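Notes follow once the structure below has been shown.
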Amino acid sequence: GAGVSQSPSNKVTEKGKDVELRCDPISGHTALYWYRQSLGQGLEFLIYFQGNSAPDKSGLPSDRFSAERTGGSVSTLTIQRTQQEDSAVYLCASSLKGDTQYFGPGTRLTVL
Amino acid sequence: AQSVTQPDIHITVSEGASLELRCNYSYGATPYLFWYVQSPGQGLQLLLKYFSGDTLVQGIKGFEAEFKRSQSSFNLRKPSVHWSDAAEYFCAVGGGGADGLTFGKGTHLIIQP
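Below, the structure is given as structure tokens:
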């Protein structure tokens, strides 16, 4: 069946611009996770959704980052006023019961 | 706080030789443990997982891992590696649900012909 999909696969933006990253989870998976992968920090957990609700947003790196999920399916991660340190690969994962996470291919974000 | 240590940043193995990648974790409760593999430019593919029960778990591509609670370890093994196994390997720990995964820094596996 279809796995987790993410779009765009690559995004190049200028410093100060806003970007939106999209994640389509595996159909029927109620749990959704966002991670960031960078050379300096490795893989970092950002935020978790159960359905449309994100109970804890403290993992988001700054208040320029926000995330939402609608209809218990698609999620978007928005970064406002991008900075060069935001350059990274952003990975999304979904899970049926919140145990095993299945990852998408990621979005590579480059901030010039 | 939970943490994962993968002591080997790089490992070089000859094709056909056996492989063991080390993983040590720190977690306050019974952990869920995972090994993922990442090829260049790709996402993370699940190799295997441990939740409970038999401490030796089998995964895809001929990999296995053994959970040793007394050593807080979850080492990954393969009896005979193939050139296609060259990739980055990540060990991860979590509690499920809202508890996102904590990853190690990864081990880069190089296969020599």
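Sequences listed follow chains C and U, in order. In terms of this note's numbering, the first sequence has 48 at position 48, counting the first letter as 1, and numbering is strictly consecutive. To convert, take the position in the second sequence, counting from 1, and add 1000; that gives this note's numbering. Don't be surprised by glycine CBs; every beta carbon is placed ideally from N, CA and C. These numbers come from a predicted model, not from an experiment.
State the DSSP-derived secondary structure class of U/ILE1009, mapped to helix, strand or coil.
coil
Euclidean distance between Cα positions of C/THR30 and U/GLY1028:
26 Å
C/ASP86 in three-state terms, based on DSSP
helix
Hey, does C/ASP99 have any beta-carbon neighbour from chain U nearer than 7 Å?
yes
How should U/VAL1013 be labelled, buried or exposed, when 16 other C-beta atoms within 10 angstroms of its C-beta is the threshold for buried?
buried
Residues in the segment 1026-1058 of chain U with C-beta within 9 Å of chain C's C-beta atoms, listed in sequence order?
Residues of the segment 1026-1058 of chain U with a C-beta atom less than 9 Å from some C-beta of chain C are TYR1032, PHE1034, TYR1036, GLN1038, GLY1041, GLN1042, GLY1043, LEU1044, GLN1045, LEU1046, LYS1049, PHE1051, listed in chain order.
Please compile the residues from chain U whose C-beta is within a distance smaller than 8 Å of the C-beta of C/GLY104.
GLY1043
With 16 as the cutoff for other CB atoms within 10 Å, does U/LYS1068 come out buried or exposed?
exposed
Could you tell me whether the segment 1036-1048 of chain U touches the segment 1082-1089 of chain U, where touching means 3 or more Cβ pairs closer than 8 Å?
These segments touch.
Determine the direct distance from the alpha carbon of C/GLN6 to that of U/LEU1065, and round the result to whole angstroms.
Before going further, note that residue 1065 of chain U is Ala rather than Leu in the sequence given. Spanning the two alpha carbons is a distance of roughly 30 Å.
Nonlocal neighbours in the same chain, by C-beta distance under 7 Å from C/ASN52, ignoring five residues either side
ARG69, THR70, GLY72
List the residues that DSSP assigns as beta-bridge partners of C/ASP24.
C/SER5
C/SER75 burial status per 10 Å Cβ neighbour count (16 or more: buried):
buried
Going along chain U, which residues have a C-beta under 9 Å from C/ASP56?
For C/ASP56, the chain U residues whose Cβ falls inside 9 Å of its Cβ are ALA1098, in order along the chain.
Measuring only between beta-carbons, confirm whether C/TYR90 sits less than 7 Å from chain U.
Residue contact with chain U for C/TYR90: absent (no Cβ-Cβ distance below 7 Å to any residue of chain U).
Which residues mark the beginning and the end of the beta strand (DSSP E) in which U/TRP1035 is found?
1032-1038
Per-residue DSSP class, three states only, for U/LYS1061
helix
Does C/SER75 come out as helix, strand or coil in the three-state DSSP assignment?
Looking at C/SER75 - three-state DSSP - the assignment turns out to be strand.
Which one of C/SER27, C/ILE79, C/ASP63 has the shortest CA to CA distance from C/THR107?
C/ILE79
Beta carbon of C/SER38, beta carbon of C/ALA88: below 7 Å?
yes
How about C/GLY72: is its C-beta nearer than 7 Å to some C-beta of chain U?
Answer no: the Cβ-Cβ gap between C/GLY72 and chain U never drops below 7 Å.
If you draw a straight line from the alpha carbon of C/ASP99 to that of U/TYR1032, how long is it in whole angstroms?
Whole-angstrom Cα-Cα distance: 8 Å.
Name the chain U residues that come within less than 9 Å of C/GLY42, Cβ to Cβ?
PHE1090, PHE1103, GLY1104, LYS1105, GLY1106
Same chain, Cβ closer than 7 Å to C/VAL12, neighbours up to 5 away in sequence not counted:
Here the set comprises THR110, LEU112.
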